[in-house]
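Participant:
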Amino acid sequence: MKLSSILGFGFTALAVMTLSACGGKQDNIVAKVGDTPIDKDMYLRRLELMPTPVQIAGNQATTAPAGYTTLVQMIREQVLLDMAKEEGVLPTDQQVEERVQREMKNNPQIKQAITEQRLTLDDYRQRVRVALAEFNLRTKGVTVTEQEVKKIYDENKQAFYRPATARVRAIIVQSPEVRKQIDDDLKRGFNFQSIVNKYSQNPVAGVQSGESEFALEGQVPNTPDGQILARVRTILKNAKPLQVTDWIPVGNGVFARFEVLAKSEGRQLPFEEVKDNIREQLMLQKGMQTNRDLNLELAKRMVNTPVEIRSEAWKKQYAKDIEELKKTLAMQESQQGKAAGGTKPTEQQSAEKR
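With our numbering applied, the sequence shown has no gaps in its numbers, which climb one by one up to 337 at the end.
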């Protein structure tokens, strides 16, 4: 089913071309879900971050238009928000803002993405709003006590230990000649970041580079890769912030060199810091034990929600997908009806015997 079999990474320019051909007086709207328009600018920002969608059919995987996939996701999100509003569990602006601040505090990558303008704050607020709405629908009527939360924490303290880490900038090189050139640049006083930029932008050099958070504690697999990981970890443990390591062999004739940007000590996360996350996980677990099938309810609502799409090609594709979804739902209802009907003779026979 195309509406639910999408995953992957990338960006498709064809979608922008298709979108720009829509024309008309409402060029700032790509679609309308019920009475709610989908803004073109927000759609394009989402599209830039959209992974290259992959559809699985049988044993074959094929790519799907990222533009159409993004639009279907945004339609689904709006249907979900409308559903939450009708059931009285739509998150308030204050709840959204509190969660945004909490996520930015706990996940520096989100704050960095917003600072670097790869993600706008309004777009992230919308993501949080959708996530909270879905959470509220899945956990409606569910309660979790403080005692239940504390019990999980006390019995699983190791799971709430944050290991020591090193934030590193790395350059990975195979060519001995390029390694020597990098060594010479370091001896001449060039800083490591400028060297990384210089060689990573030169396709002939054949180097890889990047920044990452490297765990300095925890088990490593007893494999060749695990041995390499342990070797790198030992060197980084002994390195000081802003220190550049020597070349470290990482397998297959490849060598890596690291600059330690910052280090953090391992620490046990206190109960107050993690209790909200524990409570939410418990609520989701309890919510899954109810008879409610939110995915099925959402599918039915998508079938019954009027959607206007500006692109003629996408309008036809969406209509086709909705027809397929209707058939899938009808088939499920038929199977459920047969299953329910199959129990009736047994019940009747049992009653007759009594």
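By construction, the Cβ of each residue, glycine as well, lies at the ideal position given by its N, Cα and C atoms.
Between the segment 235 to 250 and the segment 139 to 154, do at least 3 Cβ pairs fall closer than 8 Å?
Facilitator: Segments in contact, yes.
Participant: Give the single residue among 227, 233, 228 and 187 whose Cα lies nearest to the Cα of residue 207.
Facilitator: As a position in the sequence shown, residue 207 is number 224, starting the count at 1. Ranking 227, 233, 228 and 187 by Cα distance to residue 207 puts 233 first.
Participant: Locate the alpha helix (DSSP H) running through residue 79, then write down its first and last residues.
Facilitator: Against the sequence shown, residue 79 aligns to sequence position 96. Segment 76 to 89, the alpha helix (DSSP H) holding residue 79.
Participant: List the endpoints of the continuous alpha helix (DSSP H) containing residue 65.
Facilitator: Indexing the sequence shown from 1 puts residue 65 at position 82. Its alpha helix (DSSP H) spans residues 49 to 69.
Participant: Helix, strand or coil: how does DSSP classify residue 286 here?
Facilitator: Against the sequence shown, residue 286 aligns to sequence position 303. Helix at residue 286.
Participant: Given 8 Å as the limit, is there contact between the segment 179 to 192 and the segment 203 to 219, that is, 3 or more CB pairs closer than that?
Facilitator: The segment 179 to 192 vs the segment 203 to 219: no contact.
Participant: In this structure, how does DSSP classify residue 420 when only helix, strand and coil are distinguished?
Facilitator: The structure shown does not extend to residue 420, since the chain is modelled only from -16 through 337, so no value can be given for it.
Participant: What are the complete alpha helix (DSSP H) segments, minimum 4 residues, inside the segment 198 to 247?
Facilitator: 207 to 221, all fully within the segment 198 to 247.
Participant: Restricting to Cα atoms, I'd like to know which of 136, 317 and 237 is closest to residue 189.
Facilitator: The residue labelled residue 189 in the question sits at position 206 within the sequence shown. It is 237 whose Cα lies nearest to the Cα of residue 189.
Participant: How would you call residue 32, buried or exposed, if buried means at least 16 neighbouring beta carbons within 10 angstroms?
Facilitator: Numbered from its first residue, the sequence shown carries residue 32 at position 49. Residue 32 should be labelled exposed.
Participant: Between which two residues does the alpha helix (DSSP H) carrying residue 116 extend?
Facilitator: Locating residue 116 in the sequence shown gives position 133, counting from the first residue. Looking at the DSSP string, the run of the alpha helix (DSSP H) that includes residue 116 is 104 to 121.
Participant: Express the C-alpha separation of residue 174 and residue 56 in angstroms, rounding to a whole number.
Facilitator: Position 73 of the sequence shown, counting from 1, holds the residue named residue 56. Position 191 of the sequence shown, counting from 1, holds the residue named residue 174. Straight-line Cα distance between these residues: approximately 44 Å.
Participant: Would you give the residue range spanned by the alpha helix (DSSP H) that residue 23 belongs to?
Facilitator: Here residue 23 corresponds to residue number 40 of the sequence shown, with the count starting at 1. Start and end: 23 to 31.
Participant: Quick check: what's the CA-CA separation for residue 321 versus residue 291?
Facilitator: As a first step, residue 321 is located in the sequence shown; it is residue number 338 there, counting from the start. As a first step, residue 291 is located in the sequence shown; it is residue number 308 there, counting from the start. Those two C-alpha atoms are separated by around 36 Å.
Participant: Quick check on residue 149: does DSSP put it in helix, strand or coil?
Facilitator: The residue labelled residue 149 in the question sits at position 166 within the sequence shown. It is a strand residue.
Participant: Quick one: give me the first and last residue of the alpha helix (DSSP H) that residue 133 is part of.
Facilitator: Here residue 133 corresponds to residue number 150 of the sequence shown, with the count starting at 1. From DSSP, the alpha helix (DSSP H) with residue 133 extends over 129 to 138.
Participant: According to DSSP, simplified to helix, strand and coil, what is residue 95?
Facilitator: Working through the sequence shown from its first residue, we reach residue 95 at position 112. In this structure, residue 95 counts as helix in the three-state DSSP scheme.
Participant: Determine the closest residue to residue 271 out of 87, 194 and 121, with distance taken between C-alpha atoms.
Facilitator: Taking the first residue of the sequence shown as 1, we reach residue 271 at position 288. Of the listed residues, the one whose Cα sits closest to residue 271 is 121.
Participant: I'd like the span of the alpha helix (DSSP H) that includes residue 161, first residue to last.
Facilitator: For this step, residue 161 is matched to residue 178 along the sequence shown. Its alpha helix (DSSP H) spans residues 159 to 170.
Participant: Judging by CA-CA distance, which residue of 297, 316 and 300 is the nearest neighbour of residue 279?
Facilitator: Position 296 of the sequence shown, counted from the start, is the residue given in the question as residue 279. Nearest C-alpha to residue 279: 316.
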